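Student: Numbering (the working numbering), first residue to last: 2 to 146.
So that we are looking at the same thing, I have put the structure below in C-alpha cells.
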C-alpha cells in the first residue's frame, strides 16, 4: 500500500518556501521549463461585505488519496520531471498564497499543460472546502467557479 504525499500545510504558504522550492531545481539540468501556479486569497466584496480570509477544511485521508490518483494520472499523461503541490488548511488571509502547483519538464508546453490540468482537477475533484470569512466576522461557504 502506498502512502500518499501530504500536500497540506497549516496556514498560508510562505513565499520563502516557494522560492526555496524553485531554487532546489537548479541542479536538475534535464529540466528546460517550469510552470508555476500560485492561488491567492482575493479580498472579494460579496453582498457589500469584504472577504478578510478563507478558512480551508478537508477530509484529509480522502483528499490525499484523490490527490495521489491525480498525480499518477498527470505523470502518466505528461513527460514531467517533477511536480510539487501544496494546499493550505486553516485560515489564510486576503493577499496570502493558499495553493502552490509547480510542474517541471524538458519542454514548456508539457509543464504548462500539466500545471493547468492539475489546478483544474484540484478545484473540481479535491474534497477541500473554503469558508469565506468577512471583515465583520460573518461567513459563507465558498462556491468554486
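For each residue, glycine too, the CB sits at the ideal point set by N, CA and C.
Here the structure is a predicted model, which is why all the values come from computation and not from measurement.
#1: May I ask you to report which of helix, strand or coil DSSP gives residue 88?
#2: Can you name the start and end residues of the alpha helix (DSSP H) that residue 22 belongs to?
#3: Have a look at residue 73 and residue 137 and give me their C-alpha separation to the nearest angstrom.
#4: In the structure shown, what three-state DSSP assignment does residue 107 receive?
#5: So residue 34 is in the alpha helix (DSSP H); what residue range does that whole segment cover?
#6: Report yes or no: do three or more beta-carbon pairs, one from the segment 126 to 144 and one from the segment 55 to 71, lie closer than 8 Å?
#7: On the three-state DSSP scale, how would you describe residue 58?
#8: Touch check for the segment 39 to 52 and the segment 108 to 117: three-plus C-beta pairs under 8 Å?
Tutor: From the atom records:
#1: Looking at residue 88 - three-state DSSP - the assignment turns out to be strand.
#2: Residue 22 -> alpha helix (DSSP H) spans 16 to 24.
#3: Those two C-alpha atoms are separated by around 42 Å.
#4: If DSSP states are grouped into helix, strand and coil, residue 107 belongs with coil.
#5: Careful: residue 34 lies outside any alpha helix (DSSP H), inside the beta strand (DSSP E) at 34 to 41.
#6: Short answer: they touch.
#7: In this structure, residue 58 counts as strand in the three-state DSSP scheme.
#8: No: the two stretches stay apart, fewer than three of their Cβ pairs being nearer than 8 Å.
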